[in-house]
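The structure under discussion appears below in the form of structure tokens.
There are 2 protein chains.
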Amino acid sequence: MRKVAIIGGGTTKCGKRQATWRELVQEAGKAMFDNVDNISPKDVEALLVGAAQPERFTFQVHVAPMVAEHLGIIPRKVIATTELMCASGQAAIRYAWACVASGIADVAVAFGVEKMYMPDMAEAQTNMACVLDREWDGVNAISAPPFFAMTAQRHMYEFGTTKEQMALVSVKNHHYSTMNPIAQFQKDVTVEKVLQSPMIAPPLNLFDCSGITDGAAGVILVPAEDAKKYTDTPMQIIGSGQASIGNAINNLANITDWVPLRMAIKEALRTAKISLNEVDIAELHDCFTISEIMEYEALGLCEKGKGGKFIENGEPYIGGKIAVNPRGGLLGCGHPLGATALLQSIDILQQFRGEVPKGRHVKGGKIAVTHNLSGPANVHSLMVYARG
Amino acid sequence: MRKVAIIGGGTTKCGKRQATWRELVQEAGKAMFDNVDNISPKDVEALLVGAAQPERFTFQVHVAPMVAEHLGIIPRKVIATTELMCASGQAAIRYAWACVASGIADVAVAFGVEKMYMPDMAEAQTNMACVLDREWDGVNAISAPPFFAMTAQRHMYEFGTTKEQMALVSVKNHHYSTMNPIAQFQKDVTVEKVLQSPMIAPPLNLFDCSGITDGAAGVILVPAEDAKKYTDTPMQIIGSGQASIGNAINNLANITDWVPLRMAIKEALRTAKISLNEVDIAELHDCFTISEIMEYEALGLCEKGKGGKFIENGEPYIGGKIAVNPRGGLLGCGHPLGATALLQSIDILQQFRGEVPKGRHVKGGKIAVTHNLSGPANVHSLMVYARG
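Right, here's the structure in full:
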């Protein structure tokens, strides 16, 4: 298997954008190509596009060829859209990586885009209701917020986790996103503000939840041995893990134990040939505050049930045990489904390059993981990146 | 790059099925695992699912984990859904191939499924309208039938192709599908019957068009060196080609010259290290009769503009220059979007194994290509398979 590196990437600003789907694609595409010298759209042989629900959000399918068109790419080896709901963008990165690793293509672009703001936002909410198994779980009115709310309730019951501890995740990630110019939310929040924000699904308040977001982003992948032709500061893909146990919630024997995340992190560390304490930065999928707490535990950053204490003690801050979501996470940056994993990866690249503001820079960071979950936390996807 | 083989596959019967999406998945999954000895769902490390528009046809996204669940697979290396509209299934095969070729996984399943019959069939038609670029082409009322009708009109004007010649494609493919027990349409048609069938978009009548179809199918891929552990009759993946020039129709400088198909077949033959006259069977994407005629020409089976003569002379029949669509094609078998490429590949496997009825068996066939186009023929995807 060939080693693969990411040589550059670019993003839109994320949020409620006065821009069409097409304009988001163009904006991120330009930023991506502007980020890398000596490469142009005509060099790209493979294009993989992460998009979760363009058919519903923008009434447009067959979107990978449209991205190709607006980026000026004529893919001559591989083209496809990948869907894995909230991990759709990581699915694109993974397929692009497989293309270059196998030798099928020498230059690949992994791109992600989602235009989620619709004229009728009730329709956007409806779209999110088709993620979980409609006949098994949807019928019981379970969509993402109620599912993660149940998880939080059970975690509070079993382990004594508090709403204040969950709010601290929001405080941390919103703080980091104040230093991220592409973030959707750029204001600090306090525990009090989180607790006083509108109730979404008990015990989750508004600021416990990531937003509805428009955004796009893309990265360029080449064989590691070619990377230095394009940049002095590439980022290596050194490992990955992905695991799934179905879509219906009842596949999780215990909703406070995300078995597939434990499987995926084990595989990611095994393939990267590293141990967890070598990881400097973790971009974890904080779709809800409880998610990040569950992830501390499943990754083994702390004991089971101690995720609340872990944030309370400041461990996931820069300077703590590990920097978790110094980008601002989904809570701070927004969650444009197909683009999210690309945004995470680009921020890691910028961390390694020292291009992020001082207040959220993990100095000397060399190894990072990025993580996305999808559906009711039954599917987990991780990449492991190394500087240089 | 590791060599990869397909060791077995299984399908549903295709057509207007009294079966839910879930039941289609289960039916094809059982058939697939029943087709291979010594392998079980727990051995599968990677699952790629081709599905074009499940969000619209069945109001369900995140479908790959649902397929995993109903097949009893717990993917521990790779999982994703691939979308490339009418080529979504081939996109799944291609990603599964990349997983095994790169060494990311040792056992992969490529699966495809589409439940297209809806309670309100007007809604199914509406769904098909979001394939082409909605703002550039959809606004002009262009969906698939009008696009291929324009192509046919221009082909008739430029080259003197006749409606009777197009009808002959339908006659051939419907004839072969009478011998295919999983085909949606199992009755012979005549040129007269095609010409007298309801007009869809001039000059295309109903029997010039492939159907709306429910169906599912899947194949299992392993490294070629492992294939004989599972079967005496595997099928090798020996080449592939894929090319795209955007989605909007105006990317085709000339609608009667499918440039990306010419690019993709050249790449497919180059990677397979064969010439076109070594190909015994071609499963070509006959979504409309004119498509197959255009494909004879773009593949170089006949001179440009002589596709009509090519079918008139019986060249694409078994015993002619090359057997085109001895499965019955999309015209005869139906076109369950995400499943179509899987159905083609499984039929090739059965051809190589001598498991198809005598009247449509290409005796001694050793090499085959399968082809799918998507969107307004701006994207073309090909696989090259060899017996043994």
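So the sequence lines, in the order shown, correspond to chains A and B.
Numbering follows the numbering used here, with no gaps: position 36 of the first sequence is 64.
Numbering follows the numbering used here, with no gaps: position 91 of the second sequence is 119.
Where is the CB? At the ideal position from N, CA and C, for every residue including glycine.
Keep in mind the model is a prediction, meaning the values are calculated, not measured.
- For the region 274-286 of chain B, the residues whose beta carbon sits under 8 Å from a beta carbon of chain A are, in order, Gly274, Asn275, Ala276 and Asn279.
- Going by DSSP, leucine 410 of chain B is part of the beta strand (DSSP E) stretching over 407-415.
- DSSP, read as helix, strand or coil, puts cysteine 315 of chain B in coil.
- The beta carbon of glycine 274 of chain B sits closer than 7 Å to the beta carbons of Asn406 from its chain, once the five residues preceding and following it are set aside; these are given in chain order.
- The beta carbon of phenylalanine 176 of chain B sits closer than 6 Å to those of Phe316 and Ile318, all from its chain and outside the five residues before and after it, given in chain order.
- Residues of the region 83-105 of chain B that bring their beta carbon within less than 7 Å of a beta carbon in chain A comprise Glu83, Arg84, Phe87, Gln88, Val89, His90, Ala92, Pro93, Met94, Ala96, Glu97, Ile102, Pro103, Arg104 and Lys105, in sequence order.
- Per DSSP, the beta bridge partners of isoleucine 309 of chain A are A/Ala351 and A/Ala396.
- A/Ala119 is the residue among A/Ala245, A/Val219 and A/Ala119 whose C-alpha sits nearest the C-alpha of histidine 399 of chain A.
- Across the structure, proline 364 of chain A and leucine 232 of chain A are spaced so that their CA atoms are roughly 20 Å apart.
- Using a Cβ distance threshold of 8 Å, glycine 360 of chain A and asparagine 201 of chain A count as a contacting pair.
- Spatial neighbours of tryptophan 49 of chain B in its own chain (CB-CB distance under 6 Å, excluding positions within 5 residues in sequence) are listed in chain order as Thr86 and Lys143.
- Residue contact with chain B for threonine 218 of chain A: absent (no Cβ-Cβ distance below 8 Å to any residue of chain B).
- By the C-beta density criterion, threonine 284 of chain B is buried, having at least 16 other C-beta atoms within 10 angstroms.
- Judged by beta-carbon spacing, alanine 124 of chain B lies beyond the 8 Å limit of alanine 92 of chain B, meaning their Cβ atoms are not closer than that value.
- For glutamine 193 of chain B, the enclosing alpha helix (DSSP H) stretches over residues 191-205.
- Beta bridge pairing from DSSP links serine 68 of chain A with no other residue.
- Per DSSP, cysteine 114 of chain B has no beta-bridge partner at all.
- Proximity of chain B to aspartate 161 of chain A at the Cβ level (cut-off 7 Å) is accounted for by Met94, in chain order.
- At a cut-off of 8 Å, the C-beta of leucine 112 of chain A has a neighbouring C-beta in chain B.
- Contact with chain B is found for isoleucine 132 of chain A, since one of that chain's Cβ atoms lies less than 8 Å from the residue's Cβ.
- Annotation for leucine 365 of chain B: the continuous alpha helix (DSSP H) segment containing it runs 365-381.
- At a beta-carbon threshold of 8 Å, the residues of chain A lying near asparagine 406 of chain B are Pro93, ordered along the chain.
- Ranked by Cα distance from lysine 58 of chain A, the first of A/Pro404, A/Gly36 and A/Pro103 is A/Gly36.
- Methionine 29 of chain A reaches chain B at Ser130, Gly131 and Ile132, counting residues in chain order whose Cβ is nearer than 8 Å.
- For arginine 122 of chain A, the chain B residues whose Cβ falls inside 8 Å of its Cβ are Val106 and Ala108, in order along the chain.
- The C-beta distance from glycine 43 of chain A to glycine 366 of chain A rounds to 16 Å, too long to meet the 8 Å contact threshold.
- Close CB contacts of leucine 52 of chain A within its chain, under the 7 Å cut and outside five residues either way in sequence, are with Thr40, Arg45, Val141, Lys143, Asp242, Gly243 and Ala244 (chain order).
- For secondary structure counted as the alpha helix (DSSP H) over 4 or more consecutive residues, the region 207-286 of chain A holds these complete runs in sequence order: 219-224.
- Between the region 59-73 of chain B and the region 130-140 of chain B there are three or more C-beta pairs closer than 8 Å, enough to call the two in contact.
- When only Cα atoms are considered, aspartate 65 of chain A and lysine 256 of chain A end up about 11 Å apart.
- In the structure shown, threonine 39 of chain B falls within a strand segment according to DSSP collapsed to helix, strand and coil.
- Beta-bridge annotation (DSSP): leucine 401 of chain B is paired with B/His408.
- Under the three-pair Cβ rule at 8 Å, the region 305-314 of chain A counts as touching the region 343-357 of chain A.
- Ranked by Cα distance from lysine 301 of chain B, the options B/Asn278, B/Pro174 and B/Gly267 are led by B/Gly267.
- Taking the CA atoms as reference points, glutamate 306 of chain B sits about 15 Å from isoleucine 265 of chain B.
- Against chain B, the CB of alanine 119 of chain A has a partner CB under 8 Å away; the residue lies at that interface.
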